[in-house]
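Take a look at the structure set out below.
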Amino acid sequence: MLAYLVKRVFQAIAVMFAISLVSFAIQDNLGDPLRELVGQSVSEEVRQELRDELGLNDSFVVQYLRFAGNALQGDLGTSYFFKEPALDVILKKLPATLELVLGATVIIIGLSVPLGVYTAIKPNTILSRLIMGVSIVGISVPVFLTAILMIFLFSVELRMFPSYGRGDVVHLFGYWSTNFLTWDGWLHILLPSVALASIMLPLFVRLIRAEMMETLQSEYVKYARAKGIRPRRIYFVHALKNTLLPVITVGGVQIGTMVAYTILTETVFQWPGMGFMFLEAVNRVDTPLIVAYLIVVGFIFVVTNTIVDLIYGLVNPTVNLARMGA
Amino acid sequence: MSLLSVRDLTVKFAMRDNTVTALNQISFDLGKGERLGIVGESGAGKSITGFSLMNLISKPGFIDNGKILFEGQDIVQMSDADLRTIRGNRMAMIFQDPMVTLNPVLTIGQQMVETLQAHRDLTRQDAEKIAVMKLREVYIPSPEDRLNQYPHELSGGMRQRIIIAIALLLDPQLIIADEPTTALDVTIQADIMELLLELCQSNNVGLILITHDLGVVSQMTERTLVMYAGRIIEAGRTREIINDPQHPYTQGLINALPQQTLPGHRLKQIPGNMPSLANVPPGCPFSPRCDYAVDLCRTTLPKIVSYGQVEVACHEVERLHADDAAQEQSA
Ligand SMILES: Nc1ncnc2c1ncn2[C@@H]1O[C@H](COP(=O)(O)OP(=O)(O)O)[C@@H](O)[C@H]1O
Ligand SMILES: [Mg+2]
Numbered sequence: 001m002l003a004y005l006v007k008r009v010f011q012a013i014a015v016m017f018a019i020s021l022v023s024f025a026i027q028d029n030l031g032d033p034l035r036e037l038v039g040q041s042v043s044e045e046v047r048q049e050l051r052d053e054l055g056l057n058d059s060f061v062v063q064y065l066r067f068a069g070n071a072l073q074g075d076l077g078t079s080y081f082f083k084e085p086a087l088d089v090i091l092k093k094l095p096a097t098l099e100l101v102l103g104a105t106v107i108i109i110g111l112s113v114p115l116g117v118y119t120a121i122k123p124n125t126i127l128s129r130l131i132m133g134v135s136i137v138g139i140s141v142p143v144f145l146t147a148i149l150m151i152f153l154f155s156v157e158l159r160m161f162p163s164y165g166r167g168d169v170v171h172l173f174g175y176w177s178t179n180f181l182t183w184d185g186w187l188h189i190l191l192p193s194v195a196l197a198s199i200m201l202p203l204f205v206r207l208i209r210a211e212m213m214e215t216l217q218s219e220y221v222k223y224a225r226a227k228g229i230r231p232r233r234i235y236f237v238h239a240l241k242n243t244l245l246p247v248i249t250v251g252g253v254q255i256g257t258m259v260a261y262t263i264l265t266e267t268v269f270q271w272p273g274m275g276f277m278f279l280e281a282v283n284r285v286d287t288p289l290i291v292a293y294l295i296v297v298g299f300i301f302v303v304t305n306t307i308v309d310l311i312y313g314l315v316n317p318t319v320n321l322a323r324m325g326a
Numbered sequence: 001m002s003l004l005s006v007r008d009l010t011v012k013f014a015m016r017d018n019t020v021t022a023l024n025q026i027s028f029d030l031g032k033g034e035r036l037g038i039v040g041e042s043g044a045g046k047s048i049t050g051f052s053l054m055n056l057i058s059k060p061g062f063i064d065n066g067k068i069l070f071e072g073q074d075i076v077q078m079s080d081a082d083l084r085t086i087r088g089n090r091m092a093m094i095f096q097d098p099m100v101t102l103n104p105v106l107t108i109g110q111q112m113v114e115t116l117q118a119h120r121d122l123t124r125q126d127a128e129k130i131a132v133m134k135l136r137e138v139y140i141p142s143p144e145d146r147l148n149q150y151p152h153e154l155s156g157g158m159r160q161r162i163i164i165a166i167a168l169l170l171d172p173q174l175i176i177a178d179e180p181t182t183a184l185d186v187t188i189q190a191d192i193m194e195l196l197l198e199l200c201q202s203n204n205v206g207l208i209l210i211t212h213d214l215g216v217v218s219q220m221t222e223r224t225l226v227m228y229a230g231r232i233i234e235a236g237r238t239r240e241i242i243n244d245p246q247h248p249y250t251q252g253l254i255n256a257l258p259q260q261t262l263p264g265h266r267l268k269q270i271p272g273n274m275p276s277l278a279n280v281p282p283g284c285p286f287s288p289r290c291d292y293a294v295d296l297c298r299t300t301l302p303k304i305v306s307y308g309q310v311e312v313a314c315h316e317v318e319r320l321h322a323d324d325a326a327q328e329q330s331a
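So the sequences go chain by chain: W and D.
In terms of this note's numbering, the first sequence is residues 1 to 326.
In terms of this note's numbering, the second sequence is residues 1 to 331.
Structure follows, in structure tokens:
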């Protein structure tokens with residue numbers, strides 16, 4: 001178990017190293033930090049001096065090492081726009097984004113498992129065909145279109161849900177702000193969560209259906225029938241558990257990816273999270289903030305993948321975590 | 001009354017553009033505690049026969065015609081709920097490959113307890129007691145510990161023993177074993193067969209043993225069916241069939257046995273292959289591979305008829321027998 005964890009941590013470090021390198025290269029090539037700092041009116045000599053002072057004339061390696069050293073101490077530079085440490089700016093937006101991803105994940109799991117199982121068990125019913133048909137359409141509709149249609153229907157026409165912002169949030173532990181403790185918060189998070197979920201949901205339904213159908217063909221399912229086990233137990237104990245194992249691995253990666261998809265959803269719903277902020281930062285060429293965003297999202301991605309792998313190892317009896325490190 | 005009585009069982013597969021017949025009017029009987037072997041090359045329809053007896057043919061296959069009377073009830077006409085009360089309870093099955101038969105994510109204990117609880121009103125504790133007892137009967141060491149293990153923690157031979165124990169859990173009348181040792185290491189095949197034989201004899205359980213190995217059949221069973229291309233072509237007491245095979249196909253199978261081959265010589269395989277179901281030749285399906293085939297064999301399907309001690313489906317059985325006798329006399 002320990003060996004496995006150590007191995008995973010090393011992998012995570014390697015990935016983070018790659019991300020930091022890319023981020024740094026972006027910082028190095030995007031905009032001129034001097035212009036952001038001093039504007040146009042300063043003479044070329046003063047500029048050169050400033051460059052030397054800021055270390056901008058050092059070699060790439062030296063500059064990267066300085067960047068990485070600062071990053072390790074939590075210093076990702078200062079946002080040009082907010083005049084605050086970039087990491088602080090992002091961490092303030094983090095709860096909004098993570099809650100949105102959480103909401104979408106709950107919706108995806110809650111719907112894809114029953115829908116996937118149903119369409120696998122009863123592939124020929126009208127309902128199954130309908131679900132599969134809708135899922136094909138769902139895969140091909142871009143998320144901003146779904147989001148705008150939802151706003152038009154549920155906010156503008158039916159006036160059931162608010163169309164932008166987080167509404168009333170409650171602050172926990174002095175840091176985390178949550179939507180889930182007020183009714184207004186729930187109303188606000190529903191539409192964006194559904195919109196974000198709609199990207200992955202069709203994929204998950206089809207994935208679970210395919211895995212389940214394959215599992216139902218297996219020898220052990222046939223054997224369970226030969227033992228006189230009831231269909232309900234065969235579907236939900238014998239087949240579903242084996243179906244979900246591969247889904248966990250694929251699904252975990254997708255949920256990590258979803259953090260990146262929040263950019264579009266948050267922008268349409270003006271959701272005050274990291275994604276919305278990222279787009280603004282790009283518009284303002286706020287390089288430190290862009291870089292900080294990339295690093296934080298990369299970090300979240302690495303952490304979710306590690307957690308998913310651990311969960312997989314725990315629920316799959318044929319994986320021995322103790323031996324996996326070897 | 002016999003335990004099992006199969007009449008004119010016909011199984012078909014609905015393929016994309018035609019329907020093929022996998023089993024063609026199979027009929028046989030099995031008495032209580034009797035052991036029957038079903039032999040034939042791969043693709044003869046042995047497994048399909050085994051699964052039909054439990055009405056477990058899955059799409060695109062279906063039972064087209066026939067009766068399967070088990071303890072007086074027709075399996076073919078039974079509802080799913082009634083079938084469940086028979087499967088695993090009165091009639092149990094041992095699958096071919098123990099590496100894929102048990103569910104990888106459930107413990108041995110869970111898979112044994114669920115079987116008992118599917119048929120009897122038992123608490124988990126009581127079910128586990130029975131499970132341990134049965135594991136002991138198949139010589140599993142420290143059976144209590146096995147209940148908490150997952151299949152992948154056990155060897156293939158151990159798993160097949162457990163599957164035999166599961167088959168015996170509810171004291172069935174009939175066990176269908178479909179090539180139960182083919183997937184196992186050669187060194188333990190004989191042990192597993194011996195165990196199966198011992199348990200069937202001591203519990204007076206009927207056995208249908210599916211195999212392509214006539215040697216195994218001769219050790220394990222009292223009667224034998226020889227199948228070819230979805231038909232029974234010879235049936236009778238195992239001793240008669242081994243010692244005095246009537247059908248040229250059965251003779252070919254026996255000549256191909258390793259015991260019949262001198263050391264250093266090649267096995268005497270029957271030349272050619274069994275026809276695929278989509279293009280079974282007219283007449284006797286074995287005729288293209290048969291040394292004795294005459295014109296009649298290529299046009300007319302031989303009926304299965306009594307001949308001496310056995311039943312056989314061959315036009316030329318008399319001539320063949322005369323030849324044999326002549327050969328023996330001249331030798
Ligand atoms: N699912 C299936 N679809 C179509 N044909 C099948 C299927 N399963 C078996 N068959 C056909 O039935 C025949 C008999 O199969 P089987 O009973 O498994 O043979 P064996 O004697 O080797 O056990 C095979 O020739 C095969 O072509
Ligand atoms: Mg077979």
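Cβ atoms here follow ideal geometry from the backbone N, Cα and C, with glycine treated the same way.
Owing to the predicted nature of the structure, the values given are computational and were not obtained by experimental measurement.
Exclusion of the five residues before and after residue 20 (chain W) leaves 68, 71 and 295 as the residues of its chain whose Cβ lies within less than 7 Å of its Cβ. In this model, residue 268 (chain D) and residue 173 (chain D) are separated by some 38 Å (Cα to Cα).
Relative to ligand 1, the beta carbon of residue 48 (chain D) is positioned inside 7 Å of a heavy atom.
Per DSSP, residue 255 (chain D) is not a residue of any beta strand (DSSP E); the alpha helix (DSSP H) it occupies stretches across 248-255. Neighbours of residue 100 (chain D) in chain W, taken as residues whose beta carbon is under 8 Å from its own, are 218, 219 and 220 in chain order.
The beta-carbon separation of residue 31 (chain D) and residue 3 (chain D), rounded to 6 Å, stays under the 8 Å limit for a contact.
Relative to ligand 2, residue 41 (chain D) has its C-beta separated by 7 Å or more from all heavy atoms.
The beta carbon of residue 87 (chain W) sits closer than 8 Å to the beta carbons of 74, 75, 76, 292 and 296 from its chain, once the five residues preceding and following it are set aside; these are given in chain order. A Cβ-Cβ contact shorter than 8 Å links residue 161 (chain W) with residue 190 (chain W). When 8 Å is used as the limit between beta carbons, residue 89 (chain D) is near these residues of chain W: 228, in chain order. Between residue 187 (chain W) and residue 138 (chain W), the C-beta spacing is not below 8 Å. With a threshold of 8 Å between beta carbons, residue 152 (chain D) makes contact with chain W. Within its own chain, the residues whose Cβ lies closer than 7 Å to the Cβ of residue 148 (chain D), once the five positions on either side in sequence are excluded, are 107 and 109, listed in chain order.
Looking at the backbone, the Cα of residue 78 (chain W) and that of residue 278 (chain W) are separated by about 15 Å.
Looking at the backbone, the Cα of residue 96 (chain D) and that of residue 150 (chain D) are separated by about 19 Å. Three or more Cβ pairs closer than 8 Å define a contact, and the stretch 39-46 of chain D meets that threshold against the stretch 201-221 of chain D.
Restricting attention to W:102, W:117, W:104 and W:60, the CA atom closest to the CA of residue 212 (chain W) is found in W:117.
When only Cα atoms are considered, residue 193 (chain D) and residue 15 (chain W) end up about 54 Å apart. Assigned with DSSP and collapsed to three states, residue 219 (chain D) falls in helix. Beta bridge pairing from DSSP links residue 19 (chain D) with D:14.
Going by C-alpha positions, residue 99 (chain W) is about 10 Å away from residue 166 (chain W). The DSSP-derived three-state label of residue 191 (chain W) is helix. A straight line joining the alpha-carbon of residue 172 (chain W) with that of residue 89 (chain W) spans about 18 Å. Taking C-beta separations shorter than 7 Å and ignoring five residues to either side along the sequence, the partners of residue 302 (chain W) in its chain run 12, 15 and 16, following chain order. In the three-state reduction of the DSSP assignment, residue 178 (chain D) falls in the strand class, which pools E and B. For residue 56 (chain D), the neighbours in chain W by C-beta distance under 9 Å run, in chain order, 222, 225 and 226. Under the Cβ distance rule, residue 104 (chain D) counts among the residues neighbouring chain W, one pair being separated by less than 8 Å. For the set W:9, W:126 and W:195, the Cα lying nearest the Cα of residue 269 (chain W) is the one of W:195. Following the DSSP letters along the chain, one finds residue 65 (chain D) inside the beta strand (DSSP E) bounded by residues 61-70. Under the DSSP assignment, residue 171 (chain W) falls in the beta strand (DSSP E) whose first and last residues are 170-172. Within a 10 Å sphere around the beta-carbon of residue 308 (chain D) sit fewer than 16 other beta-carbons, which makes this residue exposed. By the criterion of a C-beta distance shorter than 7 Å, residue 132 (chain W) is surrounded in its chain by 119, once the five residues flanking it on both sides are discounted. In the three-state DSSP reduction, residue 183 (chain W) falls in the helix class (H, G or I).
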